[in-house]
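Asks:
Protein chains: 2
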Amino acid sequence: MSGDVLTYPMRPIGFVRSPYGDTSEIPKGPGAEHHAEGTLELRPELEPGLQDIEGFSHLFVLWVFDRAGGCDLTANVPLDPEAPHGVFASRSPRRPNPIGLSVVELLGREGARLRVRGVDMLDGTPVLDIKPYLSSVPPEKLRRGWVAEAEAKRGGVRS
Amino acid sequence: MSGDVLTYPMRPIGFVRSPYGDTSEIPKGPGAEHHAEGTLELRPELEPGLQDIEGFSHLFVLWVFDRAGGCDLTANVPLDPEAPHGVFASRSPRRPNPIGLSVVELLGREGARLRVRGVDMLDGTPVLDIKPYLSSVPPEKLRRGWVAEAEAKRGGVRS
């Protein structure tokens, strides 16, 4: 099934404005919290697609790791540097398809611009999609695998 | 900013096996619940990327609405047929970039195949990425805009 797989071209709907100019500035690893404010600037002609978005407190943002070249199927990550983990069991940027997913809090809208809190993207990051965050997995049903183990081992706390 | 925007080609990492052969079979609208079981079949060479995924109870799946042509910036949806809503304030398949996002429960793994519960994709849907679900927005902090209003109006209950 790997030989004749189609590719799907994705065109940015806009770009992230964030305080981060370099990946070294983005909080990572144990206890990393993302409270930074930023703006999602959509292409002006897409503004009608934001109708009624103000009613949602949180949004999913799908975006492109446009400055992460290549892909590693397993990698060591800052939270657990000793053991490698599979790319699909981590948020590593070096993925087969370089798509990032963030949950942000919607603070307000001016036209085609959304002010949000919780950005963990670089300034200028291309945005592919925005979706309403509708429901959560109850905490008592959530298992977080090696992430929970690594946090416990390091005494880290994560929101 | 709309003239010279790059496109990013995305290549499926695998495909969904689901009980749904046609969109009419997928539960939609008020009270829709997704308990269907299915399989995410990754390309065999990507199996190392699944290392340690078994420890996570829930996964994000990013996939392609490969049978939804075109895009509507506003649309009427089954939950609230009277009022149109912006595409970024809904899960409509007719999006600028036809990417779907689902949260599934991981039941087990055999090699490059993940058995999951909660599929709402058609059989044969291309998968772009899989990520661990790490944390939830607390229910008391979540506002669900027109979705909550439409559910209340119709007396629907949604998990």
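So the protein sequences, as listed, match chains U and P.
For the first sequence, the tail end lands on 1208 under this note's numbering, and the numbers increase by one without skipping.
For the second sequence, the tail end lands on 1208 under this note's numbering, and the numbers increase by one without skipping.
Positions of the beta carbon are idealized from the N, C-alpha and C atoms, including for glycine.
(1) Any beta-carbon of chain U closer than 8 angstroms to the one on SER1260 (chain P)?
(2) Three Cβ pairs or more, each shorter than 8 angstroms: is that satisfied between the stretch 1129-1138 of chain P and the stretch 1167-1182 of chain P?
(3) Just list the residues that DSSP pairs LEU1163 (chain P) with in beta bridges.
(4) Would you mind telling me which residues of chain U sit closer than 7 angstroms to GLY1135 (chain P), beta carbon to beta carbon, in chain order?
(5) Determine whether the beta carbon atoms of GLU1096 (chain P) and GLY1160 (chain P) lie at a separation below 8 angstroms.
(6) Run the CB neighbour count on PRO1142 (chain U), radius 10 Å, all protein chains shown included, and call it buried at 16 or more, exposed below.
(7) Our contact map puts GLY1167 (chain P) next to TRP1112 (chain P) with C-beta atoms below 8 angstroms; I'd like the distance itself, whole angstroms only.
(8) Compare the C-beta of SER1151 (chain U) against all C-beta atoms of chain P and say whether one is closer than 8 angstroms.
(9) Do ALA1138 (chain U) and LEU1041 (chain P) have their beta-carbon atoms positioned less than 8 angstroms apart in this structure?
(10) Could you pull out every residue in the same chain whose Cβ sits closer than 6 angstroms to the Cβ of GLU1086 (chain U), ignoring the five residues on either side in sequence?
(11) Would TRP1112 (chain P) pass as an interface residue toward chain U - the criterion being a Cβ-Cβ separation below 8 angstroms?
(12) Using a Cβ-Cβ cut-off of 8 angstroms, state whether LYS1180 (chain P) counts as contacting chain U.
(13) Of the residues U:GLU1154, U:LEU1108 and U:ASP1169, which one's Cα is nearest the Cα of PRO1076 (chain U)?
(14) Tell me the DSSP bridge mates of SER1151 (chain U)?
(15) Could you give the distance in angstroms between the alpha-carbon of VAL1186 (chain U) and the alpha-carbon of LEU1055 (chain U)?
(16) With DSSP as the reference, label VAL1065 (chain P) as helix, strand or coil.
(17) Could you give the DSSP three-state label for GLY1135 (chain P): helix, strand or coil?
(18) Please report the distance separating the alpha-carbon of VAL1136 (chain U) from that of ARG1144 (chain U).
(19) Figure out for me which residue from P:PRO1061, P:VAL1110 and P:LEU1089 has the closest Cα to the Cα of SER1067 (chain P).
(20) How long is the line joining the alpha carbons of ALA1199 (chain P) and GLY1119 (chain U), rounded to whole angstroms?
(21) Please list the partners that LYS1190 (chain P) has in chain U, where partner means a Cβ-to-Cβ separation under 9 angstroms.
Replies: Walking through what the data contain:
(1) Residue 1260 (chain P) falls outside the range modelled here, since chain P spans only 1050 to 1208, and no answer is possible.
(2) no
(3) Taking the first residue of the second sequence as 1, we reach residue 1163 (chain P) at position 114. According to DSSP, LEU1163 (chain P) bridges with P:LEU1089 and P:ARG1158.
(4) On the second sequence, position 86 is the one that residue 1135 (chain P) refers to. Near GLY1135 (chain P) (Cβ distances below 7 angstroms), the residues of chain U are PRO1097, GLY1098, LEU1099, GLN1100, ASP1101 and ILE1102.
(5) Walking along the second sequence from the start, residue 1096 (chain P) turns up at place 47. Walking along the second sequence from the start, residue 1160 (chain P) turns up at place 111. Closer than 8 angstroms, so yes.
(6) The residue given as residue 1142 (chain U) occupies position 93 in the first sequence. Buried, because 16 or more other Cβ atoms sit within 10 Å of the Cβ of PRO1142 (chain U).
(7) Along the second sequence, read from residue 1 onward, the residue named residue 1167 (chain P) stands at position 118. Along the second sequence, read from residue 1 onward, the residue named residue 1112 (chain P) stands at position 63. At roughly 13 angstroms, the Cβ-Cβ gap does not stay under 8 angstroms, so GLY1167 (chain P) and TRP1112 (chain P) are not in contact.
(8) Translated into positions along the first sequence, residue 1151 (chain U) becomes position 102. For SER1151 (chain U), the answer is no, since every Cβ of chain P falls outside 8 angstroms of its Cβ.
(9) With chain P covering 1050 to 1208 only, the question about residue 1041 (chain P) has no answer from this structure.
(10) If you number the first sequence from 1, residue 1086 (chain U) lands on position 37. Closer than 6 angstroms at the Cβ level, and outside the excluded window around GLU1086 (chain U), lie ARG1166.
(11) As a position in the second sequence, residue 1112 (chain P) is number 63, starting the count at 1. No, because no Cβ of chain U sits closer than 8 angstroms to the Cβ of TRP1112 (chain P).
(12) Residue mapping note: residue 1180 (chain P) aligns to position 131 of the second sequence, counting from 1. By this cut-off, LYS1180 (chain P) is an interface position.
(13) Here residue 1076 (chain U) refers to the residue found at position 27 of the first sequence. Comparing Cα-Cα distances from PRO1076 (chain U) to each of U:GLU1154, U:LEU1108 and U:ASP1169, the minimum goes to U:ASP1169.
(14) As a working note, residue 1151 (chain U) is residue 102 in the first sequence. As a beta-bridge residue in DSSP terms, SER1151 (chain U) pairs with U:VAL1110.
(15) One-based indexing of the first sequence puts residue 1186 (chain U) at position 137. One-based indexing of the first sequence puts residue 1055 (chain U) at position 6. In a straight line, the C-alpha of VAL1186 (chain U) is about 33 angstroms away from that of LEU1055 (chain U).
(16) Along the second sequence, read from residue 1 onward, the residue named residue 1065 (chain P) stands at position 16. The answer is strand: DSSP assigns VAL1065 (chain P) an E or B state.
(17) Numbered from 1 along the second sequence, position 86 holds the residue referred to as residue 1135 (chain P). Correct three-state label for GLY1135 (chain P): strand.
(18) Taking the first residue of the first sequence as position 1, residue 1136 (chain U) is located at position 87. Taking the first residue of the first sequence as position 1, residue 1144 (chain U) is located at position 95. Looking at the two C-alpha atoms, the distance is approximately 6 angstroms.
(19) Walking along the second sequence from the start, residue 1067 (chain P) turns up at place 18. The residue from P:PRO1061, P:VAL1110 and P:LEU1089 with its alpha-carbon nearest to that of SER1067 (chain P) is P:LEU1089.
(20) Along the second sequence, read from residue 1 onward, the residue named residue 1199 (chain P) stands at position 150. Along the first sequence, read from residue 1 onward, the residue named residue 1119 (chain U) stands at position 70. Straight-line Cα distance between these residues: approximately 44 angstroms.
(21) Taking the first residue of the second sequence as position 1, residue 1190 (chain P) is located at position 141. Those are SER1106, HIS1107 and GLU1154, listed as they occur along chain U.
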